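Taking it in order: structure first as structure tokens, then the write-up.
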Amino acid sequence: MRVAKITIQFLAILLVTLLPLSAFAGGSHSEDKEFNATDLINSHIGDSHEFHIADWNGHPISFYLPVILYTDNGLTVFSSSKFHHDNEGKEIVEVNGERFVRYKEVIYYADKFAAITDEADKSGLNFDARPLNFSITKLVFSMLMSAIVLLLLFTAVARSYNKNKMAPKGLAGFLEPLVLFVRDDIAIPNIGQKNYAKYMPYLLTIFFFIWINNLIGLIPFFPFSANLTGNIYFTFVLAFITFLITTFSANKYYWGHIFAPPVPKALYPIMWPVEIIGMFTKPFALMIRLFANITAGHIIILSLISLIYIFKTAWISPVSGAFVLFMSVLEMLVAALQAYVFTLLSALFIGQAVEEHDHH
Amino acid sequence: MVLAGIGAGLAVIGAGIGIGKIGGSAMDAMARQPEAAGKIQTAMIIAAALIEGVALFAVVVALIAQ
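The listed protein sequences correspond, in order, to chains A and B. Numbered by the working numbering, the letters in the first sequence go through residues 1 to 360 in order. Numbered by the working numbering, the letters in the second sequence go through residues 1001 to 1066 in order.
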């Protein structure tokens, strides 16, 4: 028992002293370039076609992900190493009869890009100048990895229930209270005893998926450091699925509340826009809440680490390390909390859609 | 740029006051009835997360506006 305690204390101290190593997650910059905190933070929070692991002697070490494009010539696949770390639209890659450039992590057709004169048109939304991009980027890679982890985890747990008829031990013993928590404290109080079972798979999926992705974003080294839940497109899809489930499982009481609320009929022209906008703002709030919480946490941690580079001295690193430790622990709480709040509010909206009234 | 920062700061004032009030009343309630502390804590965390969501709306708008 004493050996275990000493081991745990040693590991804890070792991990705490290694925490400032997450500063290397920033990738170093060569000495002649001015340190730009904004670029560092944006490159961490945003998506990218390669995993930038570290810099060695000025050479960046990256894990190159495949670029999958659908062009007029069909499906084109190549490694992102062909761009040679160019992000300014200068390196032209010629594959499969088409030529591409990459500008600020967006891939364009080379000739159409060269024809763009207006700087504002060089954004990701310029769909004429871009091929259809199905690449496995950093965030897609992280999402697939967390999906596979979840699959393996839960199928293993499910199979162990067949073999072990008594109280669950091990991994099943760890996950069962969480699953029961989602059922007893999130699903049943909000959706009701009658129809909660249909929605349990969805609620369990988003709870664990969001939680695991939040935690993966907090681990600073390869292959974990992708900030998936801090990407607004990802949270948009999750909120959209909640919206679809609420709309398609809504019964006539729900639509009755929206189109015939219990107010004098003269107020209906005011109530209809309000209620319909209300139908959309609830998933919109879900999307923004998760995105902003996770992104804000990452920005704070990265800024505190950048303090070391801004002050240009190693003496600030214990202070910075202590702040980063505090913020990281807080972010772990936020990771679980945001998963819980997203699931709770989804259950609440589904419950509002399926609830039965007797008193109307 | 500066105005975006001021906007974000104002939003944080609102969030701080709101969550402070929630925490305060939660503490009062827990002191009055210690058996209900678990439920009060859960409700407090949910309310705090919702208020923080609103404050982060404002931060996102400030980020977009600058």
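Built from N, CA and C at the ideal position, the CB exists for glycine as well. This one's a predicted model, so the numbers in the text were calculated from it and none came from an experiment.
{"Query": "Measure the beta-carbon distance from A/G96 to A/N73 and round it to whole angstroms, keeping in mind my assumption that it falls under 8 Å.", "Result": "One detail in the question is off: residue 96 of chain A reads as Asn in this sequence, not Gly. Yes, A/N96 and A/N73 are in contact; Cβ-Cβ is about 5 Å, under 8 Å."}
{"Query": "Do A/A250 and A/F284 count as a contact pair if the criterion is CB distance below 8 Å?", "Result": "no"}
{"Query": "From A/L75, A/K169, A/L204, A/K112, pick the residue whose C-alpha is nearest to that of A/D184; which is it?", "Result": "A/L204"}
{"Query": "Identify the continuous beta strand (DSSP E) that holds A/I92 and give its terminal residues.", "Result": "Note, A/I92: premise wrong, no beta strand (DSSP E); not H, not E."}
{"Query": "DSSP three-state call for A/E275: helix, strand or coil?", "Result": "helix"}
{"Query": "Count the other CB atoms within 10 Å of the CB of A/S30; is the residue buried (16 or more) or exposed (fewer)?", "Result": "Since pLDDT at A/S30 reaches only 45, below the 50 mark, its modelled position is unreliable, and the value read off the structure follows with that caveat. That one is exposed."}
{"Query": "With DSSP collapsed to three states, give me the class of A/H44.", "Result": "helix"}
{"Query": "State the beta-bridge partners of A/F63 as determined by DSSP.", "Result": "A/F51"}
{"Query": "Measure from the C-beta of A/V77 to each C-beta in chain B and report whether the shortest distance is under 8 Å.", "Result": "no"}
{"Query": "Ends of the alpha helix (DSSP H) at A/F236?", "Result": "232-248"}
{"Query": "Helix, strand or coil, according to DSSP, for A/V263 in the structure here?", "Result": "coil"}
{"Query": "Does DSSP put A/E98 in a helix, in a strand, or in coil?", "Result": "strand"}
{"Query": "Roughly how many angstroms separate the alpha carbons of A/F224 and B/A1065, rounded to a whole number?", "Result": "31 Å"}
{"Query": "Measuring only the C-alpha atoms, how far is A/E355 from A/I258?", "Result": "14 Å"}
{"Query": "Using DSSP with H/G/I as helix, E/B as strand and the rest coil, what is A/I136?", "Result": "coil"}
{"Query": "Looking at the C-beta of A/R289, does it have a partner C-beta in chain B at a distance below 8 Å?", "Result": "yes"}
{"Query": "Let's test the definition: count the other Cβ atoms within 10 Å of the Cβ of B/G1053 and tell me whether it reaches 16, buried, or not, exposed.", "Result": "buried"}
{"Query": "Counting only the same chain and skipping the five closest in sequence on each side, list residues whose C-beta sits under 8 Å from that of A/A187.", "Result": "Y196, Y199, M200, L203, A347"}
{"Query": "Within the chosen definition, does the segment 147-154 of chain A reach the segment 80-89 of chain A through at least 3 CB pairs nearer than 8 Å?", "Result": "no"}
{"Query": "What is the DSSP secondary structure of A/G217, counted as helix, strand or coil?", "Result": "helix"}
{"Query": "Measuring alpha carbon to alpha carbon, tell me which residue in A/K194, A/T235, A/G192, A/F222 is nearest A/I210.", "Result": "A/T235"}
{"Query": "Establish whether the CB of B/E1035 and some CB of chain A are separated by less than 8 Å.", "Result": "no"}
{"Query": "Under 8 Å Cβ-Cβ, which residues of chain B neighbour A/V263?", "Result": "The premise fails here: A/V263 is roughly 26 Å from chain B at the closest Cβ pair, so nothing lies under 8 Å."}
{"Query": "List the residues of chain A whose Cβ lies closer than 8 Å to the Cβ of B/I1002, in chain order.", "Result": "Correcting the residue identity first, residue 1002 of chain B is Val in this sequence and not Ile. The premise fails here: B/V1002 is roughly 15 Å from chain A at the closest Cβ pair, so nothing lies under 8 Å."}
{"Query": "Is A/F141 near the ligand HEM, going by C-beta to nearest heavy atom under 7 Å?", "Result": "What this structure holds is no ligand at all, so the ligand HEM is not there to describe."}
{"Query": "Starting from the C-beta of B/M1044, find all residues in its chain whose C-beta is less than 8 Å away, skip the five residues before and the five after it, and write them out in chain order.", "Result": "I1022, G1023, A1026"}
{"Query": "If you reduce the DSSP assignment to three classes, tell me which class B/T1042 lands in.", "Result": "helix"}
{"Query": "Helix or strand or just coil, what does DSSP make of A/S79?", "Result": "strand"}
{"Query": "Could you say which of A/K312, A/S80, A/G192 lies nearest to A/K138 if we only look at CA atoms?", "Result": "A/S80"}
{"Query": "Taking A/T76 as the reference, which of A/V140, A/F181, A/P131 has the closest Cα?", "Result": "A/P131"}
{"Query": "Would you give the residue range spanned by the alpha helix (DSSP H) that B/V1012 belongs to?", "Result": "1002-1032"}
{"Query": "Contact between the segment 279-296 of chain A and the segment 215-230 of chain A: three or more CB pairs below 8 Å?", "Result": "yes"}
{"Query": "Quick one: grab the DSSP three-state call for A/E88.", "Result": "strand"}
{"Query": "Does any residue of chain B bring its CB to less than 8 Å from the CB of A/A285?", "Result": "yes"}
{"Query": "Please list the partners that A/L344 has in chain B, where partner means a Cβ-to-Cβ separation under 8 Å.", "Result": "I1046"}
{"Query": "Is the CB of A/I350 under 8 Å away from at least one CB in chain B?", "Result": "no"}
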